[in-house]
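Some notes on the structure that comes next.
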Amino acid sequence: MNDNLLHLLGGDEAQYPHALGEKYPRIIERLVSLWGTPDVLVYLNGLIFDQRGGREGFPEDAAKDLFHLNDWIRSHMTEAMKQQAAGRLSHFDDVWETAEMLQGEKRSNEVAMLPETLLEAGQRGDIEAIRKHLDAGLGINNIAGPNEQTVLHGACGYGHAHCVESILRLGGQVGSKDAAGRSPLHLAAQAGSADSIELLLAAGADINTVDKEGQTPLHHAVQSGKMRSVVQLLEAGAALNVQDVRQNAPLHLAVLAKQSRMVELLLSYGAERTLVNADGHTPLELALMSSDTRLPGLF
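To convert, note that position 187 of the sequence shown is 187 in UniProt numbering; the numbers rise steadily by one, no gaps.
Shown next as structure tokens:
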């Protein structure tokens, strides 16, 4: 497993492309080198769709990893980066349209309706497929996969707010927890989906619920660098100084990640500067030890 890619995927091993990494480690290295730039999507689309002809296709498990990575990266990109990538990806529009049509036909012809395929429908934002699963007798709150997630977790993790709204109307439970103790709100905050966060809070989600690491949705938003989500959560009443099992408050995490703008934001909301974590350090002490010389000056 490539530790750099795992870190870029937020440390979530369930998102890691195991088949692709095992069979094509050089592709993984290339993705890591392009991460955070529009080029990563151009490279992925070039792998998914053979524009020159004659190239042998990827094995099914590796191909699924490529499509999954493409979806994950798109859902976590900033709007500015999406706009930068749009022009360079325009020549892929037709093949994507065809691929999505064929994929939709394949899904409609599938006989198996399982909790796992229901979760995948949520991750795709496929409301029609979700309804078909319910018509087949599955429950909207069935859990699936190694992470024991519901379809609401799936939709929130990928920022499909339109799908989140439908799932909530169909009885999706906002307080459901996955194997790591994460609620749908944790995943929506991590994905930076403002609309999903708003829908979940309106449906009664606990804004300060903690996962098994003792982290709130605010911790997740900070770690993912989602400043808009951080502001949204704080304005909605999120507790700013909750400490996780390592006694790290969101401000500790922002300093450790060298996110100077996030540190400024949290301090502007009154983040406590003197909280001590399990290693005996305050956020200021971590800033003084950081290789980023800008951080101490923010305090």
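The C-beta atom is built at its ideal place from N, Cα and C for all residues, glycine as well.
- Here LEU8 has TRP35 as same chain residues with Cβ atoms under 6 Å from its own Cβ, once five neighbours each way along the sequence are excluded.
- Inclusion of ALA121 and GLY154 in the CB contact set at 9 Å is warranted, their separation being smaller than that value.
- Annotation for GLN190: the continuous alpha helix (DSSP H) segment containing it runs 184-191.
- Each residue's CA atom was taken as its position, placing GLY172 and GLN123 some 15 Å apart.
- A contact is defined here as three or more CB-CB pairs under 8 Å, and the region 255-265 fails this definition with respect to the region 235-244.
- At the C-beta level, SER224 and HIS76 come within 9 Å of one another.
- With distances taken between CA atoms, GLY270 lies nearest to VAL231 out of VAL231, VAL245 and ALA205.
- In this structure, the beta-carbon distance from SER166 to ILE127 falls below 9 Å.
- Assignment of GLN149 by DSSP, reduced to helix, strand and coil, places it in the strand class.
- By the neighbour-count definition (other C-beta atoms within 10 Å, threshold 16), THR78 is an exposed residue.
- The UniProt repeat "ANK" (246-278) contains, as complete alpha helix (DSSP H) runs of 4+ residues, the segments 250-256 and 260-268 (chain order).
- Looking at the DSSP output, ALA144 sits in a beta bridge with GLN149.
- Distances from the alpha-carbon of PHE299 to those of ALA278, SER268 and GLU198 put SER268 closest.
- Judged by DSSP secondary structure, MET289 falls within the alpha helix (DSSP H) whose first and last residues are 283-289.
- The straight-line gap separating the alpha-carbon atoms of LEU118 and VAL222 is approximately 29 Å.
- ARG182 counts as buried, since no fewer than 16 other beta carbons sit within 10 angstroms of its beta carbon.
- In the structure shown, GLY122 adopts helical secondary structure according to DSSP, grouped into three states.
- Separation of THR216 and GLY139 (C-alpha to C-alpha, rounded to the nearest whole angstrom) is 27 Å.
- Judged by DSSP in its simplified three-state form, GLY139 adopts coil rather than helix or strand.
- In the structure shown, the three-state DSSP call for VAL230 is helix.
- Contact annotation: LEU284 and ARG273 have beta-carbon atoms nearer than 9 Å.
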